[in-house]
Ligand code: NDP
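Numbering (the numbering used here), first residue to last: -18 to 258.
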């Protein structure tokens, strides 16, 4: 991944480009919180917003985009089909509902949110349909382990362009990351800051001091240098800026390995092999 600035992009396996830094909006309310955060992020140089039907704030995201004055084609917008809406017909309906809420003509990326057993292959067929119709410029999955991806591939006509996974220094899943890279499925980090739980790690604090950066900035830069697209969430103006201010330094290979060694296979979210929602 060639890292340039906050609007830099990486090419997906279909040639479509995704900005490698985005704003996550999980848990933001659909009112002023999401509206102000998305508008502020766009003003600050972000060009990628990650929402989902589950988050209940697609209306606010759409409104912020329209009010930003930035051209639609310059902004990358992701949404996701929720578990209870999976299956072929229901996914198509869920997509239409999301489109009514964001009030846009197309999405840049539509994801299968979780690998709901029995259903996800049918869901994927619906995503292939939406992709072929141009309604979603790229399609992908989230929370798919290697066996889910292999199973999907055995029937799919189109390989996912993205796999969005929990990813931070305490949960690297290097085998899965390598597998996705080998298939040109772009890896994307959710909860890159482990929802704040990793920010007091002593090793990360030491490394941050050395670079004159914050722990959050070190982690987000590490994501990019590992070739992983990242979508930190913040509804705080200073932290929205802090999280995009990661293009004036570079981690050494040594520090990257140092951070890699913090891995302890520890999750903050659900285990994709064992979830009950
Ligand atoms: P993050 O790891 O992005 O952490 C967000 C938390 O960290 C918030 O409490 C935020 O608080 C705080 N924070 C943000 N920046 C900083 C900073 N620089 N310094 C200190 N604290 C900071 O968690 P998320 O779970 O939100 O993950 C990011 C995005 O990933 C989501 O918003 C969502 O879009 C996506 N996601 C996808 C999932 C999936 O299943 N596909 C699951 C979970 C998330 P504050 O807002 O006050 O700054």
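We treat Cβ as the ideally placed atom computed from N, Cα and C, and that holds for glycine.
Neighbour-count burial assignment, residue i, 16 or more Cβ in a 10 Å radius
{"i": "residue 125", "result": "buried"}
{"i": "residue 92", "result": "buried"}
{"i": "residue 148", "result": "buried"}
{"i": "residue 94", "result": "buried"}
{"i": "residue 135", "result": "exposed"}
{"i": "residue -15", "result": "exposed"}
{"i": "residue 165", "result": "exposed"}
{"i": "residue 70", "result": "exposed"}
{"i": "residue 170", "result": "buried"}
{"i": "residue 131", "result": "exposed"}
{"i": "residue 193", "result": "exposed"}
{"i": "residue 68", "result": "buried"}
{"i": "residue 22", "result": "buried"}
{"i": "residue 233", "result": "exposed"}
{"i": "residue -17", "result": "exposed"}
{"i": "residue 57", "result": "buried"}
{"i": "residue 99", "result": "exposed"}
{"i": "residue 76", "result": "buried"}
{"i": "residue 53", "result": "exposed"}
{"i": "residue 207", "result": "buried"}
{"i": "residue 204", "result": "buried"}
{"i": "residue 18", "result": "buried"}
{"i": "residue 45", "result": "buried"}
Proximity test, residue i beta-carbon vs the ligand NDP heavy atom, cut-off 7 Å
{"i": "residue 214", "result": "yes"}
{"i": "residue 246", "result": "no"}
{"i": "residue 138", "result": "no"}
{"i": "residue 31", "result": "yes"}
{"i": "residue 141", "result": "no"}
{"i": "residue 171", "result": "yes"}
{"i": "residue 250", "result": "yes"}
{"i": "residue 129", "result": "no"}
{"i": "residue 197", "result": "yes"}
{"i": "residue 28", "result": "no"}
{"i": "residue 193", "result": "no"}
{"i": "residue 123", "result": "yes"}
{"i": "residue 5", "result": "yes"}
{"i": "residue 224", "result": "yes"}
{"i": "residue 208", "result": "no"}
{"i": "residue 167", "result": "no"}
{"i": "residue 174", "result": "yes"}
{"i": "residue 43", "result": "no"}
{"i": "residue 37", "result": "no"}
{"i": "residue 53", "result": "no"}
{"i": "residue 145", "result": "yes"}
{"i": "residue 220", "result": "yes"}
{"i": "residue 12", "result": "no"}
Residues bridged to residue i (per DSSP)
{"i": "residue 31", "result": "5 and 59"}
{"i": "residue 252", "result": "255"}
{"i": "residue 0", "result": "-10"}
{"i": "residue 123", "result": "145"}
{"i": "residue 176", "result": "DSSP lists no partner for residue 176."}
{"i": "residue 211", "result": "2 and 170"}
{"i": "residue 90", "result": "59"}
{"i": "residue 152", "result": "149"}
{"i": "residue 117", "result": "88"}
C-beta neighbour in chain C for residue i, strict 8 Å
{"i": "residue 72", "result": "Of the protein chains in this structure there is only one, and it is not chain C."}
Sequence-distant residues of the same chain with beta carbon closer than 8 Å to residue i, five excluded per side
{"i": "residue 43", "result": "82, 83, 84 and 85"}
{"i": "residue 47", "result": "84"}
{"i": "residue 197", "result": "174, 180, 213, 220, 223 and 224"}
{"i": "residue 104", "result": "62, 67, 68, 69, 72, 93 and 97"}
{"i": "residue 218", "result": "21"}
{"i": "residue 55", "result": "28"}
Whole-angstrom C-beta distance between residue j and residue i, which should lie under 8 Å
{"i": "residue 181", "j": "residue 9", "result": "Their Cβ separation, rounded to whole angstroms, is 24 Å, which puts residue 181 and residue 9 out of contact at 8 Å."}
{"i": "residue 2", "j": "residue 27", "result": "7 Å"}
{"i": "residue 140", "j": "residue 117", "result": "Going by Cβ atoms, the distance from residue 140 to residue 117 rounds to 15 Å, so no, they are not a contact pair."}
{"i": "residue 127", "j": "residue 160", "result": "5 Å"}
{"i": "residue 30", "j": "residue 11", "result": "Not really, about 14 Å apart at Cβ, beyond 8 Å."}
{"i": "residue 142", "j": "residue 119", "result": "4 Å"}
Sequence-distant residues of the same chain with beta carbon closer than 6 Å to residue i, five excluded per side
{"i": "residue 222", "result": "25"}
{"i": "residue 123", "result": "92, 94 and 145"}
{"i": "residue 236", "result": "188"}
{"i": "residue 158", "result": "168"}
Sequence-distant residues of its chain with Cβ nearer than 7 Å to residue i (five each side left out)
{"i": "residue 246", "result": "152"}
{"i": "residue 195", "result": "189 and 223"}
{"i": "residue 79", "result": "34, 39 and 60"}
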